[in-house]
Structures are given as C-alpha cells and as structure tokens.
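Novice: Here it is, the structure, as structure tokens.
There are 2 protein chains.
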Amino acid sequence: MRYALYYWPSIQGRGEFVRLALEDAGADYIDVARRARGMQAMERLLESPSIKRAPFAPPFLRAGELLIAQTANILFYLGPRLGLAPKAEPGRLWLHQLQLTIADWLVEVHDTHHPIGSGLYYEDQRPEAKRRAADFRSERLPKFLQYFEKMESRSFSYIDLSLFQMIEGLRYAFPRTMSRLEKNVPRLVELHERVAERPRLGRYLRSKRRIAFNQQGIFRRYPELDAA
Amino acid sequence: MRYALYYWPSIQGRGEFVRLALEDAGADYIDVARRARGMQAMERLLESPSIKRAPFAPPFLRAGELLIAQTANILFYLGPRLGLAPKAEPGRLWLHQLQLTIADWLVEVHDTHHPIGSGLYYEDQRPEAKRRAADFRSERLPKFLQYFEKMESRSFSYIDLSLFQMIEGLRYAFPRTMSRLEKNVPRLVELHERVAERPRLGRYLRSKRRIAFNQQGIFRRYPELDAA
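First to last, the sequence lines map onto chains A and B.
1 is the number of the first residue of the first sequence in this note's numbering; add one for each residue after it.
1 is the number of the first residue of the second sequence in this note's numbering; add one for each residue after it.
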C-alpha cells in the first residue's frame, strides 16, 4: 500500500513522528505537502465540506479508503502494519498508552515557548514563556525522563523512534538542561544512539527528506528558555 | 467483567469521561480511590516497582489482566465492549481520533487557569491565566465548537458522552462566554440535552456518585477568566 502523509512542509513537528516510522520501515509513502501544489491539496482536504470524517489539524494519513488523523492514532494504525508494533491487543494498547504520554510531553515542550496562545508570536509572550520553561525544566522534564527511563524493556517499536525524536529535539531546544539531566537517564541515551544507527533511519536522517530543526517547529532554541 | 477505575476521588477531571461510559452502559465497576483505603491502593499501584507497565498518571483501568492508562486509550478499549463504539476498525479509529481531539481541547481548558505550571497554585499565575483565557475564549473555543458542530452525525457512542461533559464543564467554567457561543452550535446543544435524558445516565447525574464541579478540577469557575 502507498501511504500519503499530510503535514506542514517546513517543520518536523508532529508529522516527524509518523515520518520516522514510515522511513524506518522503508514504507512506500508520499509526503503530500512537500510536493508541487501539495499545500493546496492539504488545505482543500481540511476545508472541504464533502469530507465526512475531516481531521481537526495535520498530520493525517491517507491509507486506501481511510483518512486517519491524530499522530498517536496514525501510529496505532501503522504500528503492526509496518512491523513496528505487535499485532495482539495488550501490546498495542501498551505502546499506544506510551505514545499518548509522549504526546502530552510534546504539548508541554511546545507550551514552553507558547504558554499564552499558539496563534500569537513568541515575542508577544516572552515573560510568560520564561516562567513556563523554568517550571518545565525543573518539574516536568525530569518527571517524563524518569518515567521513560524505567519503562519496561521490550522489542523494538515505534515508541523507540518517538523517544529518539524527543531526545533529539530536547537536545536542540534545551542543550544545557539536557547535558545535566542525561546522566540520570543512561538507558534513554543508549536507546537514542541505537536508533540513530539503524541503517534505513540513519540514511533518512542524513538525507534532504529530514527537515532541520528550526524556529517554527515544536522544538525551538531560545537560549533564554534553557538553564543558565 | 468487573472493571476497576483508578482516579482522584474528589474531582470529575479526566476520570469522569470514563465514568460516564461505564455508567451509561450500566457496567459493573468499582471506583477504587473513592472506597476505604482506595487512595493508598492507587498510590501503591503508581509507585510499585513490580508493575511492569506502570501508568504515568491516573486515570487507569484494571480489566482482568490488563492495566490501561490514558483516558482516550481506556475509552478505545471499552467502547465496543460496552456497546458504545462499533467493533470494526475504521469506525473505532474515527471515534478515537475525535476523542483525542477532545483530549487536546481539555488540556487547553485546564491551561486557562494553569498556563505556567500544573504544580503551582492558580493564585500564583493569575495575570498569565487572564491572558491565556482571553485567547482561549476568542480563538480556540469557537474553533473546537465549530469542528464538533459539523462532525458527521452517526450512531450513539462514547463521543456523545464526552461532548456532553465538555458542554457541561464549559457552561460551569465560562457561563457568559458559552451563553453567547451556544447559539452558533445548535446541534451540540441538542446533543447535550439528548444525552442528559438517557435514563441510566440521568440517574447517575442525579446520584451521589456524580461529583460536583469544584475549584480543584479541570473546569473551574473563576469569573475573571470568563467574558465580561
């Protein structure tokens, strides 16, 4: 099956969690909005009154007749089909539970630079961002890291890819904080290295298909939001 | 099967979305933390090193051998078993996508009074809360309401119960804003009425099992956060 992923073409964002799974599995897919006239196709889909089951926002995935939105829902669907999750329900629900916890974590990363409104500029919420980022660095980030550090070890899945992306993004956004916290989470650091060395994924990360981190994405580097 | 729900005993919070499904279906369940020594049982479960697949936070559900966390994941599991979702994958994924969008919406409701840190008091983030709530009322709330207003009409499911709870909570937290916005979403208002009239659910809502809204929950009434 050829999958069609719809996501903003200039950021990693939430779409990247789906891209990593498709790339690691060597799946046949197109990244619609990065092709000629792809953005119009995506916007048409979001606004069309004839779409019966419209997504609220990107990313969404076309898989044959299905149109699936919400990052964790897409990965739940793709997991067993791409060999990145078990087929039996208990294992699938457990991985999905972890992915939903990663989704919660990601919202908190985003809100460090947008605590007041996602439609406002960062520059219009800087004092609030500084307070929120301090709370994130001291309270929430260590809690999430510790939770995933202690997580049951098991066979490779899309969760490893998502945790790789979290570590990668957190290192970009909070380099000083992460260099301090990483010594407490050696298993996560080792997991990150192991994932980066996977042949297909490594090729993807070095390719032009991998968009660089930038100041429009979820992970942003504002030095004033990192530790002193 | 007798289900065991674990959630904070003094608020509706996220657990209420699960309670509504269990109650509407007339399921056999216990609300663990509301029983004698139940809080200790819940905390033991959260902290026990012997639990292989520990939740990050309540709510979680014990269903036989399974321990399932994340509200939307619990409803995904319960849906077809309680007659509140179809059994076939396309319909299940679609309802789950909607529930995950409701979960995103709920985080934004919570963050109107806690934009800086969930571990801090409201009183320590009042100016920021005022700004965030204004953005929520003018930008985000109308967008979510319109999305669900246009949603495909279909057979009754746990999504209707969750939307009932959203309307109920928003009316409690933002009475002035809602009285203005509701005229634009007649289908949601009608859905709310229809759900409240369901016999089993109505009995639950009038019972002592239904915890009242209060200032520790997700939906809180701070008049300064509502429209003028």
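All residues carry an ideal CB built from backbone N, CA and C; glycine is no exception.
Is the beta carbon of L61/A sitting closer than 8 Å to the one on I51/A?
Specialist: As a working mapping, residue 61/A is identified with position 61 in the first sequence. As a working mapping, residue 51/A is identified with position 51 in the first sequence. No.
Novice: For D28/A, does the count of other Cβ atoms within 10 angstroms reach 16, so buried, or fall short, so exposed?
Specialist: Residue numbering aside, residue 28/A sits at position 28 when the first sequence is read from its first letter. So D28/A ends up on the exposed side.
Novice: Tell me which residue opens and which closes the beta strand (DSSP E) that R62/A is part of.
Specialist: Numbered from 1 along the first sequence, position 62 holds the residue referred to as residue 62/A. Per DSSP, R62/A belongs to the beta strand (DSSP E) from 60-63.
Novice: Name, in chain order, the residues that DSSP records as bridge partners for Y29/B.
Specialist: For the purposes of this step, residue 29/B is taken as residue 29 along the second sequence, with counting starting at 1. Beta-bridge pairing links Y29/B to Y3/B.
Novice: Along the stretch 3-19 of chain B, where does the CB come closer than 7 Å to a CB of chain A? Name the residues.
Specialist: Within the stretch 3-19 of chain B, no residue qualifies.
Novice: List the DSSP bridge partners of L67/B.
Specialist: As a first step, residue 67/B is located in the second sequence; it is residue number 67 there, counting from the start. Its beta-bridge partners are R62/B.
Novice: Does M1/A pass the burial test, meaning 16 or more other C-beta atoms within 10 Å, or should it be called exposed?
Specialist: Locating residue 1/A in the first sequence gives position 1, counting from the first residue. Label assigned to M1/A: exposed.
Novice: Please determine whether the Cβ atom of H114/B lies at a distance below 7 Å from any heavy atom of the ligand MN.
Specialist: You won't find the ligand MN in this model; it holds no ligand whatsoever.
Novice: Would you report the Cα separation of A54/B and V195/B, rounded to the nearest angstrom?
Specialist: Translated into positions along the second sequence, residue 54/B becomes position 54. Translated into positions along the second sequence, residue 195/B becomes position 195. In a straight line, the C-alpha of A54/B is about 34 Å away from that of V195/B.
Novice: E224/A: which of S153/A, R131/A, V189/A sits nearest, CA to CA?
Specialist: Here residue 224/A is taken as the residue at index 224 of the first sequence, counted from 1. E224/A has its Cα closest to that of R131/A, out of S153/A, R131/A, V189/A.
Novice: Please list the partners that Y158/B has in chain A, where partner means a Cβ-to-Cβ separation under 8 Å.
Specialist: For the purposes of this step, residue 158/B is taken as the residue at position 158 of the second sequence. Near Y158/B there are no residues of chain A at all, since even the closest Cβ is about 15 Å away, more than 8 Å.
Novice: In the DSSP assignment, find the alpha helix (DSSP H) that holds I159/B and state where it starts and stops.
Specialist: The count along the second sequence starts at 1 and reaches residue 159/B at position 159. Per DSSP, I159/B belongs to the alpha helix (DSSP H) from 158-173.
Novice: Quick one: using the 10 Å Cβ neighbour count with 16 as the cut-off for buried, is Q125/A buried or exposed?
Specialist: In the first sequence, counting from the first residue as 1, residue 125/A sits at position 125. Looking at its Cβ environment, which holds 16 or more other Cβ atoms inside 10 Å, Q125/A is buried.
Novice: Closest to Q146/B by C-alpha separation, out of R187/B, L106/B, P59/B, P115/B, would be which residue?
Specialist: Locating residue 146/B in the second sequence gives position 146, where the first residue counts as 1. Answer by Cα proximity: R187/B.
Novice: Smallest Cα separation from L98/B: which of Y122/B, S179/B, F76/B, E65/B?
Specialist: Here residue 98/B corresponds to residue number 98 of the second sequence, with the count starting at 1. Nearest option by C-alpha distance: F76/B.
Novice: Taking 8 Å as the CB-CB limit, is D226/A close to chain B?
Specialist: Along the first sequence, one-based indexing puts residue 226/A at 226. So, not an interface residue.
Novice: Could you pull the start and end residues of the alpha helix (DSSP H) that V107/A belongs to?
Specialist: The residue you call residue 107/A lines up with position 107 of the first sequence. V107/A -> alpha helix (DSSP H) spans 89-113.
Novice: Quick one: list the residues of chain A neighbouring A173/B, beta-carbon separation under 8 Å, in chain order.
Specialist: By one-based count along the second sequence, residue 173/B stands at place 173. Per Cβ cutoff of 8 Å: no residues; A173/B is ~18 Å from chain A at best.
Novice: Alpha carbon to alpha carbon, what distance is there between P115/B and R198/B?
Specialist: Position 198 of the second sequence, counted from the start, is the residue given in the question as residue 198/B. Position 115 of the second sequence, counted from the start, is the residue given in the question as residue 115/B. Straight-line Cα distance between these residues: approximately 36 Å.
Novice: Would you mind telling me which residues of chain B sit closer than 7 Å to N73/A, beta carbon to beta carbon, in chain order?
Specialist: Here residue 73/A corresponds to residue number 73 of the first sequence, with the count starting at 1. Neighbours of N73/A on chain B, chain order: L93, H96, Q97, L100.
Novice: Ends of the alpha helix (DSSP H) at Q146/A?
Specialist: Against the first sequence, residue 146/A aligns to sequence position 146. Start and end: 141-149.
Novice: Do L45/B and Y6/B have their beta-carbon atoms positioned less than 8 Å apart in this structure?
Specialist: The count along the second sequence starts at 1 and reaches residue 6/B at position 6. The count along the second sequence starts at 1 and reaches residue 45/B at position 45. It is a contact, given that the beta carbons lie within the stated cut-off.
Novice: Check each candidate in G169/A, R210/A, D24/A and name the one with the smallest Cα separation from L82/A.
Specialist: As a working mapping, residue 82/A is identified with position 82 in the first sequence. Closest option to L82/A, Cα to Cα, is D24/A.
Novice: Check the Cβ of K52/A against every Cβ in chain B and list those closer than 9 Å, keeping chain order.
Specialist: Here residue 52/A refers to the residue found at position 52 when the first sequence is read from its first residue. The answer, in chain order, is E152.
Novice: Are the Cβ atoms of T177/B and L201/B separated by less than 8 Å?
Specialist: Taking the first residue of the second sequence as 1, we reach residue 177/B at position 177. Taking the first residue of the second sequence as 1, we reach residue 201/B at position 201. Not closer than 8 Å, so no.
Novice: Determine the extent of the alpha helix (DSSP H) in which Q40/B is found, giving its start and end residues.
Specialist: Stepping through the second sequence from its first residue, residue 40/B is reached at position 40. Residues 38-47.
Novice: Whole angstroms are fine: how far does the CA of R220/A sit from the CA of P80/B?
Specialist: Indexing the second sequence from 1 puts residue 80/B at position 80. Indexing the first sequence from 1 puts residue 220/A at position 220. Rounded to whole angstroms, P80/B to R220/A spans 41 Å at the Cα level.
Novice: Please compile the residues from chain B whose C-beta is within a distance smaller than 7 Å of the C-beta of V185/A.
Specialist: Indexing the first sequence from 1 puts residue 185/A at position 185. Those within 7 Å of V185/A in chain B number zero; the least Cβ separation is about 15 Å.
Novice: Under the assumption that P59/B contacts T71/B (Cβ atoms under 8 Å), give the Cβ distance between them as a whole number of angstroms.
Specialist: Taking the second sequence and counting its residues from 1, one reaches residue 59/B at position 59. Taking the second sequence and counting its residues from 1, one reaches residue 71/B at position 71. 6 Å between Cβ atoms; contact.
Novice: On the criterion of 16 or more Cβ atoms from any shown chain inside 10 Å, does R19/A qualify as buried, or is it exposed?
Specialist: Position 19 of the first sequence holds residue 19/A. Result: buried.
Novice: Hey, how far is the Cα of E16/A from the Cα of E108/A?
Specialist: Looking up residue 16/A in the first sequence gives position 16. Looking up residue 108/A in the first sequence gives position 108. Cα-Cα distance, rounded: 17 Å.
Novice: Which residues in the same chain as Y122/B place their Cβ atom closer than 6 Å to its Cβ, once the five residues preceding and following it in sequence are excluded?
Specialist: By 1-based counting over the second sequence, the position of residue 122/B is 122. Result list for Y122/B: H113, in chain order.
Novice: Hey, does I167/B have any beta-carbon neighbour from chain A nearer than 8 Å?
Specialist: Position 167 of the second sequence, counted from the start, is the residue given in the question as residue 167/B. No, I167/B does not count as interfacial toward chain A.
Novice: Determine, using beta carbons only, whether V109/A comes closer than 8 Å to chain C.
Specialist: Checking the listed chains, one finds no chain C in this structure; the protein chains it contains are A and B.
Novice: Against chain A, which members of the stretch 131-142 of chain B pass a CB distance test of less than 7 Å?
Specialist: Of all residues in the stretch 131-142 of chain B, R131, R132, D135, E139 have a Cβ within less than 7 Å of some Cβ in chain A.
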